DNA sequence: TATGAATGAGTCTTCATTCAT
DNA sequence: AATGAATGAAGACTCATTCAT
């Protein structure tokens, strides 16, 4: 994401605005089917000025992917490092993931659909980050098995079930849908955990523990 | 899908071949990012001859969507109409769905990603069929609730969980992956049913009943 | 207009049918904007068979031009050679010309609009024939001046006025219009002759002389 | 004729130049037979830049039609509204019409030949304007009849004779022909008026009255 | 006689990008 | 900081024509 040197104070603000607008267009029409001219029109900028801000069309895609992956990975790393029971951490991660999906539906569309249009280094970095996120989830699942909370499952398959359930949400969620991230997370986790748990594990008080955790940390 | 009248015997065969090849390209690169020239090259046909077979690029997309939706809907209708317990029918539908996904991974990519590039009547028909499929699943879930097998759930949310779990599979499945449709269906359903079931419902013998059903019907 | 050797009895009939149909299409849409495929469709023939009959698209144009010019020139030569007063001959020629225009409106459209798409020898021949027709008209006008019926006019300008008046008719005439060729010829000639005539020439009995001529020759 | 917003000062000039060049090509070869590539070549512009100016091929056709119809209708409306004798107004309109034809021969070719390639709203507007012009002529002819100058004629047929005579001129006129609009108008009107006039109407001083009118108004 | 299949140049149009100003 | 003008390759699609069968 090379930026021309020496910018005024409004540069970055305008730039972020343009990325917002591009994300919306890409989500609605697809990256390949959206023209630079269209973005310029929505941004109220002639093509020359547009390029002054964006550098290239692929750059926009990179930025949008980044806007998804950077906070996602940061949150995932933070949650995974918490000194809490693995199942609780999974539940927290679930909600964070859903919050991000619901908050930025258009970004997620682009993230899920158009990463294949990235080339070279951009693509490699993206895939690396995706794999890191998957590993965090999988490691949490393994930890839950090791702790006796979950049965012995194929960890990769468990991780994929977890991600299937969460990641596909963008396909039908609406910006102002009936269900918020907390509710969905509770429902999804209820299903998944009842499927994964070992017979001895009692999941009934999980939500209480979530509440307790939140009280503890936001105070 | 209007075709010019009067074609030789080899026409339809060649046509289906081209659709195969197009599906592979669309899956890899996206519909919008795949050029007609590229398809012609892969098909070994000049542009003129290519159009003799395909009519238009959008036509290819329609055919691919149809190849997914026609068998899917047919199977779903058939299974829904079976005189079997709802949970068993869900399990059968799950496997059929996964069989279709795994057998035609590229078609599913296109189906999931590029339906938005359909216009007008083609798009309307597609959405109608998608909704019909969703309704079949949802009605099965309602039947399972009515039979006492499942708890009282929000039927739409249950349906979406079911489809999240299954439909997202195309994102990571490989043509020669380790897991076949039967295995995945067993695992997915185990998770979902343990999440959905009422306390009194015993799901442990479901797989036996699946086996029994298969024996009964294939004899 | 090369024709493949050795044809069955139906060949020429079918061929003429195709030219008819092509003329209609060319008239409605223009030569350049009408496709061979369209002609084939209207003729109920696949492209291969079509070419068996027509040889080439330009050939169709040549034939249509011929269908206009051959009878037109034949009639013009015949009328010009009549042993009748020049003004009467002009009146007869006028009617013949209008009969041809009204009888074959589509051919005339093509004749007037698309002769420029002819190339080389075809074009040269066409222009030669057009000039011959113009010369016949002009010579009749000169004869009328020499006979004292018409004033001394610029013969070329008189000829052009005559042709302006007649040839532009195709632009607004309808296949089943209110006015037939005889009526239009009477009206056009009344206007033209009253403009061209010398003060001493009495045009009032022209129509009687036309009737007399017709009675004489059709008996 | 929508144009992209925001253009520099040279834009419209260049645009008009391109329309000029296109009109010449269309006139020589026909609209359908002239390629965008050819226009670009003549304009010295690559295809992209060409489209920056023209928007679409049909747009060029619309502009050319407009260049004919706008001044024609404006002049016709102005002349029709003059407080002069109807026959004089017809004579003035005739000359204006011929001036326009001779001044823009190529535009008139396109106007007469290719209006059928317009579609939808463009076509409707064109036909409406053509009919308005025809109505103006016809109303003048009716006024001349009402004033006693002309015999009782079929007004529509009289109008068509008037337009036949004038409009067909483009078919043979040359850019630097021997005859100017004033001369042709005098000749055409002499013919038409002598054909249309009532026995009592004296047309001999019409040209004097034209001269008088011109002197009066240009002073 | 007639067909279906093929071609490849050609159709109009849009693309992402650049750059002098 | 921003613009208008330009490019040329690529976009989907149609064309008249050929030819083995």
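Protein chains in written order, with UniProt numbering: chain A, 1 to 219; chain B, 1 to 219; chain C, 1 to 219; chain D, 1 to 219. Virtual Cβ for every residue (Gly too), placed ideally from N, Cα, C. Predicted model only: the values in this text are computed from it and were never measured.
How about residue 147(A) and residue 199(A): are their beta carbons less than 8 Å apart? Indexing the first chain from 1 puts residue 147(A) at position 147. Indexing the first chain from 1 puts residue 199(A) at position 199. Result no, Cβ atoms of residue 147(A) and residue 199(A) do not sit closer than 8 Å.
Take the Cβ of residue 57(D) as the centre, count every other Cβ of all protein chains shown within 10 Å, and call the residue buried at 16 or more, exposed below. Taking the first residue of the fourth chain as position 1, residue 57(D) is located at position 57. Buried, since its Cβ has 16 or more Cβ neighbours within 10 Å.
One question on the structure: do residue 64(B) and residue 50(B) come within less than 8 Å of each other, judged by their Cβ atoms? Taking the first residue of the second chain as position 1, residue 64(B) is located at position 64. Taking the first residue of the second chain as position 1, residue 50(B) is located at position 50. Residue 50(B) sits away from residue 64(B), with the two beta carbons spaced by 8 Å or more.
Go ahead and pull the three-state DSSP assignment for residue 116(A). The residue you call residue 116(A) lines up with position 116 of the first chain. DSSP places residue 116(A) in helix when its eight states are reduced to three.
Rounded to whole angstroms, how far is the Cβ of residue 54(A) from the Cβ of residue 13(A), which I believe are closer than 8 Å? Working through the first chain from its first residue, we reach residue 54(A) at position 54. Working through the first chain from its first residue, we reach residue 13(A) at position 13. By a beta-carbon distance limit of 8 Å, residue 54(A) does not contact residue 13(A). Their separation comes to about 14 Å.
Please name the residues in the stretch 186-212 of chain A whose beta-carbon is closer than 9 Å to at least one beta-carbon of chain B, in chain order. Correct list: 187, 188, 190, 191, 192, 193, 194, 195, 196, 197.
Run down chain D in chain order and give the residues with a C-beta less than 9 Å from the C-beta of residue 117(C). Position 117 of the third chain, counted from the first residue, corresponds to residue 117(C). Simply 29, 30, 33.
Could you give the DSSP three-state label for residue 216(B): helix, strand or coil? Walking along the second chain from the start, residue 216(B) turns up at place 216. DSSP places residue 216(B) in helix when its eight states are reduced to three.
To which residues does DSSP link residue 133(A) through a beta bridge? By 1-based counting over the first chain, the position of residue 133(A) is 133. Paired residues: none, contrary to the question.
Provide the residue span of the alpha helix (DSSP H) that contains residue 67(D), from first to last. As a working note, residue 67(D) is residue 67 in the fourth chain. Taken as a continuous stretch (DSSP letters only), the alpha helix (DSSP H) holding residue 67(D) covers 57-80.
7 Å Cβ shell around residue 170(A) - same chain, five flanking residues per side excluded: By 1-based counting over the first chain, the position of residue 170(A) is 170. The residues 101, 105, 108, 109, 112, in chain order, have a CB closer than 7 Å to that of residue 170(A) in the same chain once the five nearest residues on each side in sequence are set aside.
With a cut-off of 8 Å, does the C-beta of residue 100(B) fall near any C-beta of chain A? Within the second chain, the letter at position 100 stands for residue 100(B). So, not an interface residue.
Proximity to residue 162(B) [Cα-Cα], best of 206(B), 124(B), 90(B), 204(B): For the purposes of this step, residue 162(B) is identified with residue 162 of the second chain, where counting begins at 1. For the residues 206(B), 124(B), 90(B), 204(B), the minimum Cα distance to residue 162(B) belongs to 90(B).
Neighbouring residues, chain D, relative to residue 145(C) (Cβ below 9 Å): Taking the third chain and counting its residues from 1, the one referred to as residue 145(C) is at position 145. The premise fails here: residue 145(C) is roughly 15 Å from chain D at the closest Cβ pair, so nothing lies under 9 Å.
DSSP state of residue 104(C), grouped into three classes? Within the third chain, numbered from 1, the residue matching residue 104(C) stands at position 104. Looking at residue 104(C) - three-state DSSP - the assignment turns out to be coil, as it is neither helix nor strand.
In angstroms with no decimal places, state the Cα-to-Cα distance between residue 206(D) and residue 214(D). By 1-based counting over the fourth chain, the position of residue 206(D) is 206. By 1-based counting over the fourth chain, the position of residue 214(D) is 214. Using only the alpha carbons, I get a separation of about 12 Å.
For residue 11(B), collect the residues of the same chain with a Cβ closer than 6 Å to its Cβ; drop the 5 residues on either side in sequence, then sort them by chain order. Start at 1 with the first residue of the second chain, and residue 11(B) comes out as number 11. No residues qualify anywhere along the chain.
Looking at C-alpha atoms only, which residue of 195(D), 46(D), 60(D) is the closest neighbour of residue 37(D)? Here residue 37(D) corresponds to residue number 37 of the fourth chain, with the count starting at 1. Closest in C-alpha terms to residue 37(D), from the list 195(D), 46(D), 60(D), comes 46(D).
Contact list for residue 140(A) against chain B, beta-carbon separation under 7 Å: Start at 1 with the first residue of the first chain, and residue 140(A) comes out as number 140. None at all; the shortest Cβ gap to chain B is about 17 Å.
For a test of the three-state rule: what should DSSP assign to residue 197(B), helix, strand or coil? For the purposes of this step, residue 197(B) is identified with residue 197 of the second chain, where counting begins at 1. Residue state, collapsed to three classes: strand.
Looking only at its chain, what residues have a beta carbon closer than 6 Å to the beta carbon of residue 15(B), apart from the 5 residues adjacent to it on each side? The count along the second chain starts at 1 and reaches residue 15(B) at position 15. Excluding sequence neighbours, residue 15(B) sits near 53.
Short Cβ contact (8 Å threshold) for residue 140(C) with residue 150(C): As a first step, residue 140(C) must be located in the third chain, where it is residue number 140. As a first step, residue 150(C) must be located in the third chain, where it is residue number 150. Not closer than 8 Å, so no.
Looking at residue 61(B) and residue 129(B), is the spacing between their C-beta atoms short of 8 Å? On the second chain, position 129 is the one that residue 129(B) refers to. On the second chain, position 61 is the one that residue 61(B) refers to. It is not a contact, given that the beta carbons lie outside the stated cut-off.
Residue 95(D) versus residue 30(A) - alpha carbon distance: Translated into the one-based positions of the fourth chain, residue 95(D) becomes position 95. Translated into the one-based positions of the first chain, residue 30(A) becomes position 30. Residue 95(D) and residue 30(A): Cα-Cα distance of roughly 59 Å.
Any C-beta of chain C sitting closer than 8 Å to the C-beta of residue 157(D)? Counted from its first residue, the fourth chain places residue 157(D) at position 157. Answer yes: the Cβ-Cβ gap between residue 157(D) and chain C drops below 8 Å somewhere.
So residue 163(B) is in the alpha helix (DSSP H); what residue range does that whole segment cover? By 1-based counting over the second chain, the position of residue 163(B) is 163. Here the alpha helix (DSSP H) through residue 163(B) covers 155-167.
Does residue 59(A) have its Cβ less than 8 Å from a Cβ in chain B? Along the first chain, one-based indexing puts residue 59(A) at 59. With 8 Å as the cut-off, residue 59(A) does not count as an interface residue toward chain B.
Spatially closest choice to residue 135(B) from 28(B), 145(B), 155(B), 44(B), by CA coordinates: Here residue 135(B) corresponds to residue number 135 of the second chain, with the count starting at 1. Ranking the options by Cα distance to residue 135(B), first place goes to 155(B).
Beta-carbon neighbours of residue 7(A), restricted to chain B and to distances below 8 Å: For the purposes of this step, residue 7(A) is identified with residue 7 of the first chain, where counting begins at 1. Neighbours of residue 7(A) on chain B: none; closest Cβ ~32 Å, over 8 Å.
For residue 26(B), report the span of its alpha helix (DSSP H) as first-last. Your numbering for residue 26(B) matches position 26 in the second chain. Segment 9-29, the alpha helix (DSSP H) holding residue 26(B).
With DSSP as the reference, identify every bridge partner of residue 183(A), one or two as the case may be. Counted from its first residue, the first chain places residue 183(A) at position 183. Note: residue 183(A) sits in no beta bridge, so no partner.
Evaluate residue 191(D) with the Cβ neighbour count: other Cβ atoms within 10 Å of its Cβ, from every protein chain shown; 16 or more gives buried, anything less gives exposed. In the fourth chain, residue 191(D) corresponds to position 191, counting from 1. Around the beta carbon of residue 191(D), 16 or more other beta carbons sit within 10 angstroms, so the residue counts as buried.
Tell me where the alpha helix (DSSP H) around residue 41(C) begins and ends. Your numbering for residue 41(C) matches position 41 in the third chain. Its alpha helix (DSSP H) spans residues 36-43.
What does a CB cutoff of less than 6 Å around residue 26(B) pick up in its chain, not counting 5 residues either side in sequence? Here residue 26(B) refers to the residue found at position 26 when the second chain is read from its first residue. Closer than 6 Å at Cβ, skipping near neighbours: 34, 110.
Quick check: the Cα distance between residue 121(B) and residue 59(B), rounded to an integer number of angstroms? Reading the second chain from its first residue, position 121 is the one you call residue 121(B). Reading the second chain from its first residue, position 59 is the one you call residue 59(B). The alpha-carbon atoms of residue 121(B) and residue 59(B) are separated by roughly 12 Å.
Under 8 Å Cβ-Cβ, which residues of chain B neighbour residue 161(A)? The sequence position of residue 161(A) within the first chain is 161, counting from 1. At a beta-carbon threshold of 8 Å, the residues of chain B lying near residue 161(A) are 165, 187, 188, 191, ordered along the chain.
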